[in-house]
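At the far end of the sequence shown sits residue 746, using the UniProt record's numbering, and the numbering has no gaps.
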Amino acid sequence: MEDSGRFDEKSFSNGDVYIGMIKGIVPHDKGKYTWSDGTVYEGDWEGEKMTGKGLIVWSSGAQYEGEISGGYLHGYGTLTTSAGCIYRGGWRMNAQHGIGRKQYSNSDVFEGLWKEGVPEGSGRYTWNNGNMYVGNWKNGKIYGRGVMKWVNGDTFDGLWLNGLMHGTGVYRFGDGGLYIGTWNKGLKDGKGVFYPAEKQEAPKARVKRSLSENMPVISRFKSFRQISHRTSSLKINLIRSDSAQDCVCHDSSLTLSNALDGDQSEASGESTLVYEREYVQGVLIMERICECSESSREKKQQNKFSVKQVKKSSCLDIFEGRRSYYLKLNLQLGIRYTVGKITPVPAREVRSSDFGDRARIRMYFPRAGSKLTPPHSSINFYWKDYCPMVFRNLREMFKLDAAEYMMSICGDSGLRDLSSPGKSGSIFYLSKDDRFVIKTVNKSELKVLLSMLPKYYRHVGDHENTLITKFFGLHRITLRGGKKVRFVVMGNVFCTELQIHRRYDLKGSKQGRYTNNDKINCNTTLKDLDLKYEFHMDKKLRESLLKQISLDCKFLESQHIIDYSLLLGLHFRAPENMKAFVEHHESVQRQESLPSGDEGQLLILPKGLLLVSHEPSIVNTAPGPHIRGNTLRAYSMGDNEVDLLLPGIARLRVQLGVNMPAQATRRLQEDKDKVEAKEVELFEVYDVVLYMGVIDILQNYNLRKKIEHAYKSLQFDPMTISVVEPKIYDERFIKFLEEKVFPKTP
């Protein structure tokens, strides 16, 4: 007969005792194990390990009742700690995992999804004072889309990052006021609109809230430790409770510095005014008061929580109806096919034939599919891929993984439409992760790129720090009726770790290089005459930058390219001297609306920029649009490689055109009377982080000369196009940058 075990009591040399069923020499079926420190387990056993259902009581007073597997809490169970925390839900290998509810000793409650001991996914956290957050979590912190509601009636609906408001969002006050804008790591950052409450009442006492520190969130469940008291006859994996550390008790008072309180107090009286505001790192730098009609008020009420990030569709005349959708789908199908076809080809050096007219991949994509193509929901189209081996090697040269490239452009989230920043009429698409820009080009621009491609390939191979646009693919789609649409895939200069507050397209020219004020918004790319700043940087950084720009310009000159630009992005940091401006502005502009003692609430003192020695193991080196290129050296750091340290925020690798620190000096207004009385700029000198790249490199001088002659023959004004010889354009461009944009530090 099979031995079903026997009931017995067994004592061990370390003081542990087991009473229950034993099969052979190990516990089996049901039994009770008592450790020498007083911890007790009573329940099911299988092959020397706790498996099944049981009850564990630790010497500290904590206890677990539920499912166990192989000595681990695994399945469904309830844990009650000695501090009074209660978790009821799923477990996996001693960690909360799956759906669960945890009540803390201070009566805070979290209900939702857990992963490896911390909230991950959707969940609801309710503080003991009634404040509540419902939304997404990641690694135990508020992350992604979510709604925070305070007991005073205030709510925030928007994006979060590591417990801080980050991205677009809508903050609605309890009395009906509304602010729509963007936040950056807990601070208002960028442009937004404040709608006062429709019915103003006397100011009430306000509750100070701050999100300048991390919000109270649930930390990893680290309070248990695994024990393994091993004897010659027994192996047990178990966890036991330590102490009151089993549960982290949080201060549930939340603070929202950065003028959330100030928004309501700044508007007074029964008003139909709307306040357009701009913030830099939580500091209000500009405000414009606009009239709000009743119709726009009604529209605002209907769309309170609608925040547009990008334009949803691009309906150009030549692409009516669903054509824009079809183009994007065709692009994804074609790129997926091309990359999938060329990637398995063994790596090799490019040959002259790889640049030739026969270096093409052609394919027909019928709607119903074929032996080589999948069925799809778009219209029938023909696909052509130019120089596939060249662009495959370029992608590898730029350290871009083929799978990541396809997922970024061809993933389920698709491509987003962008409005054209220039007068070319091109269509622009942006990949879902912002890493790639896809632009339509005309036939002449395509020819320019193909003709310069061999030397472009050599140039970017020789100069890993080049600022010239990174090209990843060149394609053509032929639609029904013979309409041809050509696309180039480029790297996005402004896919950055820090938010870009200002964008400039600089050509070193004055003719027509300004932007009308009524056309400026938070996404506007400004021009030469709009730039009121000079940028002073480390001596070595400046030399490296201007040297590479000179090399890039010489290359473009050799290819007879003109009319290119330096695309410059600025990330502002709050300056040390902003305090005086803020205090003066508040005392003059808001003295009547702010209660006594609150004047300093809007002030966020800067923490500055700091260059430190480069540490590869600390900074982010994940593949991205700027992964290629070496780490720059700084004169101020003894000619050593450096990182940029933003205290309390980030540590960033400094590369050419990426994360470059500088001090910006605002140029004095030539005519201050032209400045609108309601628009006040608060600073002149401050810290910035620079991002840049050379773009618009597909304008050929010889082609432009032909256009100029055609204009003259038609008796059009030839000055409607700017034709400058490449050498002159090159010299003028570099001189402009050296003297006006990046002058030597006095």
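A virtual CB, placed ideally from N, CA and C, is assigned to each residue, including glycine.
Once the 5 residues before and after Leu479 are set aside, which same chain residues still bring their CB inside 6 Å of it?
Phe381
Option in Ser613, Ser377, Phe391, Pro366 with minimal Cα separation from Trp383:
Pro366
Got a sec? Which residues, its chain only, sit under 6 Å from Leu474 by beta carbon, not counting five neighbours each side?
Tyr386, Val488
Which same chain residues, not among the five before or five after Pro595, have their C-beta less than 6 Å away from its C-beta?
Unreliable positioning characterises Pro595 in this predicted model, as indicated by a pLDDT of 38, which lies under 50. A coordinate reading is not provided.
C-alpha gap between Glu116 and Gln96, whole angstroms
6 Å
Rounded to the nearest angstrom, how far is the Cβ of Phe472 from that of Tyr405, given a contact under 8 Å?
7 Å
Ser122 - partner residues in DSSP beta bridges
Asn136
Could you work out which residue in Ser370, Gly340, Arg486, Pro454 is closest to Ser352 when comparing CA atoms only?
Pro454
Within its chain, find whatever has a CB closer than 6 Å to the CB of Leu610; leave out the 5 residues flanking it on each side and keep chain order.
Leu645
What first and last residue would you give for the beta strand (DSSP E) that runs through Gly190?
190-195
Can you name the residues that DSSP bridges to Gly112?
Gly100, Gly123
Which stretch, first to last residue, makes up the beta strand (DSSP E) that contains Met660?
660-666
What does DSSP give as the partner residue(s) for His571 in the beta ladder?
Val689
Between the C-alpha atoms of Asp516 and Gly569, what's the straight-line distance to the nearest angstrom?
The residue asked about is misnamed: residue 516 is Asn in this sequence, not Asp. Roughly 19 Å separates the two Cα atoms.
Straight-line CA distance for Met537 to Tyr326?
47 Å
Taking only three categories from DSSP, how would you classify Phe391?
helix
Nearest residue (CA-CA) to His74, options Ala62, Val57, Met50:
Met50
Where do the ends of the beta strand (DSSP E) carrying Asp505 lie?
502-506
Identify, in the order they occur along the chain, each residue of the same chain with its Cβ nearer than 8 Å to the Cβ of Ser565, setting aside the five sequence neighbours on each side.
Asp505, Leu506, Lys507, Val694, Ile695, Asp696
Would you mind giving the Cβ-Cβ distance between Gln511 and Asn184, rounded to the nearest angstrom? I have them listed as a contact below 8 Å.
With 8 Å as the limit, Gln511 and Asn184 do not qualify as a contact, their Cβ atoms being about 36 Å apart.
From Ser82 to Leu284, what does the alpha carbon distance come to, in whole angstroms?
48 Å
Rounded to the nearest angstrom, how far is the Cβ of Phe428 from that of Lys439, given a contact under 8 Å?
5 Å
Please classify Leu316: does DSSP put it in a helix, a strand, or coil?
Here Leu316 scores only 42 on pLDDT, less than 50, and its place in the model should not be relied on; the value that follows carries that caveat. Here Leu316 sits in coil by DSSP.
How many Å lie between Asp357 and Met363 at the Cα?
16 Å
Own chain residues within Cβ distance below 8 Å of Val350, not counting five before or after:
Met389, Val390, Asn393, Tyr457
Near Glu534, what residues of its chain come up, given a Cβ to Cβ distance below 6 Å and the 5 sequence neighbours on each side ignored?
Thr665, Pro743
Taking only the alpha-carbon atoms, compute the straight-line gap between Lys138 and Ser550 and give it to the nearest angstrom.
45 Å
Excluding the 5 residues preceding and the 5 following Val339 in the sequence, name in chain order all residues of the same chain whose CB lies nearer than 7 Å to its CB.
Ala402, Tyr405, Met406
Measure the alpha-carbon distance for Tyr76 versus Ser613 and round it to whole angstroms.
49 Å
Give the single residue among Thr466, Val493, Asn136 whose Cα lies nearest to the Cα of Asp434.
Val493
Measure from the alpha carbon of Thr34 to the alpha carbon of each residue in Gly52, Glu9, Lys23, Glu46, then state which is nearest.
Glu9
Can you find the residues in the same chain that come closer than 7 Å, C-beta to C-beta, to Arg88, ignoring five residues on each side of it along the sequence?
Thr78, Gly100, Arg101
Could you name the residues of the same chain whose beta carbon sits closer than 8 Å to that of Gln332, not counting the 5 residues immediately before and after it, in chain order?
Ile409, Cys410, Gly414, Leu415
Quick one: residues in its chain with C-beta nearer than 6 Å to the C-beta of Ile477, no 5 flanking neighbours on either side, listed in chain order?
Asn330, Phe381, Val485
Helix, strand or coil at Pro726 [DSSP, three-state]:
helix
Nearest-angstrom Cα distance between Glu48 and Tyr72?
13 Å
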